[in-house]
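Asker: Got a structure here, written out as C-alpha cells. Questions coming.
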Amino acid sequence: MHNMIVSMIQLLFEIPETGSIKDKRRIVKSVVEKLKNRFHLSAAEVDLHDSLSFAQIGGAMVSNSCVFGESVLNKALKMIENETSIRIQDVKIHSEEF
Numbered sequence: 006m007h008n009m010i011v012s013m014i015q016l017l018f019e020i021p022e023t024g025s026i027k028d029k030r031r032i033v034k035s036v037v038e039k040l041k042n043r044f045h046l047s048a049a050e051v052d053l054h055d056s057l058s059f060a061q062i063g064g065a066m067v068s069n070s071c072v073f074g075e076s077v078l079n080k081a082l083k084m085i086e087n088e089t090s091i092r093i094q095d096v097k098i099h100s101e102e103f
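With the sequence shown counted from 1, adding 5 to any position gets you my numbering.
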C-alpha cells in the first residue's frame, strides 16, 4: 500500500490599508484563487472573518511525498510574499501521512 501525504499551510496575515470588509474579502479571495489556480491547492479563509485588517487562510494538497508537498507550499508562500501587498504574520507548513 502506498502512502498518502497531506501537506498543509496555514497563513495568518495583516492586510494594510483596508477600508472595509468588502476590500478585505476582495484581497483574501484573490490570494485564495492564486493558491487554487497556480498551485492546485484546496484553500479557504478559515478564521478571523470579522476582522477588518487580519485574515487566516488554510491550504492543503495530497501527494505521495512530504518533500514534494512542502516544496509546493513553500513556492506558494514565496508567490504570496512577492505578488501581494499583505503582511504575513505567521506561517505553519506541516505534512501528515495517512
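Yeah, the Cβ is synthetic: ideal placement off N, Cα and C, and Gly gets one too.
Check each candidate in 27, 83, 21, 61 and name the one with the smallest Cα separation from residue 43.
Answerer: The residue labelled residue 43 in the question sits at position 38 within the sequence shown. The shortest C-alpha separation from residue 43 is found at 83.
Asker: Once DSSP output is grouped into helix, strand and coil, what is the label at residue 84?
Answerer: Your numbering for residue 84 matches position 79 in the sequence shown. Helix at residue 84.
Asker: Could you compute how far the alpha carbon of residue 16 sits from the alpha carbon of residue 8?
Answerer: Looking up residue 16 in the sequence shown gives position 11. Looking up residue 8 in the sequence shown gives position 3. If I take the Cα positions, the gap works out to 26 Å.
Asker: So, under 8 Å CB-CB, residue 104 and residue 74 are touching, yes? Tell me the CB distance rounded to an integer number of Å.
Answerer: A question about residue 104 goes unanswered here, because the residues of the chain that appear run from 6 up to 103.
Asker: Among residues of its own chain, excluding the 5 on either side of residue 5, which ones have a beta-carbon nearer than 8 Å to its beta-carbon?
Answerer: Given that the chain is displayed from residue 6 to residue 103, the structure contains no residue 5 and the question cannot be resolved.
Asker: What are the uninterrupted segments assigned as beta strand (DSSP E) that are 3 or more residues long and contained completely in the stretch 50 to 99, given in chain order?
Answerer: Counting only runs of 3 or more, we get 59 to 68.
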